[in-house]
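*Asks:* Residues in the sequence shown are numbered consecutively from 365, following the working numbering.
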Amino acid sequence: MTSLIISLLILVCTLAAMASEENSGITADLGMKNLMEGNARFVSGNSIHPDQSVADRRAELVTSQHPFAVIVTCSDSRVPPEIVFDQGLGDIFVVRTAGEVMDNVTLGTIEYAVDHLNVQLVLVLGHDGCGAVEAAVAGGENPGHIGSLVEAIKPAVDVAKGMKGDLLNNSIDVNTQNIVSKLKSSEPILSLAVKQGNLKILGARYRLDSGVVKVME
Ligand SMILES: [Zn+2]
C-alpha cells in the first residue's frame, strides 16, 4: 500500500514537472519587464547578451523551446529584436515582415507560438523611418509584390491623414495599432486567448536614434 502511494506521488510530481515545462512560466507582465530591462541595457550600452552560451543554453534548447514573448516587427535591418531587447537563444519568438504586414501565414506563425508554445505576450514593434510605411504614404505604383505590402498599410495612412502632426510618424503608429487590433480580433486562436486572459497583445515604437522602445498606451 505504502509503495503504491509512493508510486502515485512520483507520478503526480512527474506530471507536474512535465506541465511546468510546457511553457516558459513567464507571464505577459513579467515578459514585458524582461523586454524593457533588456532594452534599457541595450540603450545604455550595457547589453549582457544572455542565453547564448554554447555549453549550457545551446545544449538546453536542442529538444525544446519555451520563448516568453512573440515579437512582431519590421524586417528593417536596423530593428533586430534579439539585439534591441538584449535577449538570447530560445527567449523570443520573432515574426518579421516589411511594415509588420500580417497575412494568414504570419497569423498562423503567431498562433503556433500561442497555441503550441503557450506564449502569453505578443509585442508589435513599429519603428521610426519605416520604408514600407513611407512607400504607403508616397502612394503610386510599386513593382512586383511590393504593391501588396503597400496596400496593406494604406488604411493606416488614410486614418493618419485626418490627424494633426507628421503624416509618416502618425501612419507608423496607426499601422502598429491596426496590427494590434487585427491580432486581438483574429479568430479563433488569438481572440480566444485574449478573452480568456491568457494572452496580452501590445504595440510599441522603436526609436532609431536612441534605441529606446516605447510601449503605446
Ligand atoms: Zn520598417
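Backbone N, C-alpha and C define an ideal beta-carbon position, used for all residues, glycine too. Note that the structure is a prediction, hence the values are computed from the model and not measured.
Using DSSP with H/G/I as helix, E/B as strand and the rest coil, what is Gly-511?
*Replies:* The answer is helix: DSSP assigns Gly-511 an H, G or I state.
*Asks:* Determine, using beta carbons only, whether Leu-572 and Asp-492 come nearer to each other than 8 Å.
*Replies:* Closer than 8 Å, so yes.
*Asks:* Taking the beta carbon of Asp-450 as the centre, do at least 16 other beta carbons fall within 10 Å, making it buried, or is it exposed?
*Replies:* Looking at its Cβ environment, which holds 16 or more other Cβ atoms inside 10 Å, Asp-450 is buried.
*Asks:* Could you work out which residue in Leu-531, Lys-528, Asn-539 and Gly-526 is closest to Ala-516 when comparing CA atoms only?
*Replies:* Nearest option by C-alpha distance: Asn-539.
*Asks:* In angstroms, rounded to a whole number, what distance separates the CA positions of Gly-526 and Val-469?
*Replies:* Going from the Cα of Gly-526 to the Cα of Val-469 covers about 31 Å.
*Asks:* Entirely within the segment 386–469 and at least 4 residues each: give me those alpha helix (DSSP H) ranges in chain order.
*Replies:* You should have 392–407 and 445–448.
*Asks:* Quick one: measure Cβ to Cβ for Cys-494 and Asp-440, integer angstroms, because I've assumed they're closer than 8 Å.
*Replies:* That belief holds up - the Cβ atoms of Cys-494 and Asp-440 are roughly 7 Å apart, short of 8 Å.
*Asks:* Should Ala-496 be counted as a contact of ligand 1 given a C-beta to heavy atom distance under 7 Å?
*Replies:* It does: the Cβ of Ala-496 is within 7 Å (strictly closer) of some heavy atom of ligand 1.
*Asks:* Looking only at its own chain, which residues have a Cβ that is under 6 Å from the Cβ of Ala-520, when we skip the five neighbours before and after it?
*Replies:* Closer than 6 Å at Cβ, skipping near neighbours: Ser-535, Val-538, Asn-539 and Asn-542.
*Asks:* In chain order, what residues of the same chain lie with their CB nearer than 8 Å to the CB of Leu-345, ignoring the 5 residues before and after it?
*Replies:* Because the chain in this structure spans residues 365 to 581, residue 345 falls outside the shown range and cannot be described.
*Asks:* Using DSSP with H/G/I as helix, E/B as strand and the rest coil, what is Lys-564?
*Replies:* Looking at Lys-564 - three-state DSSP - the assignment turns out to be strand.
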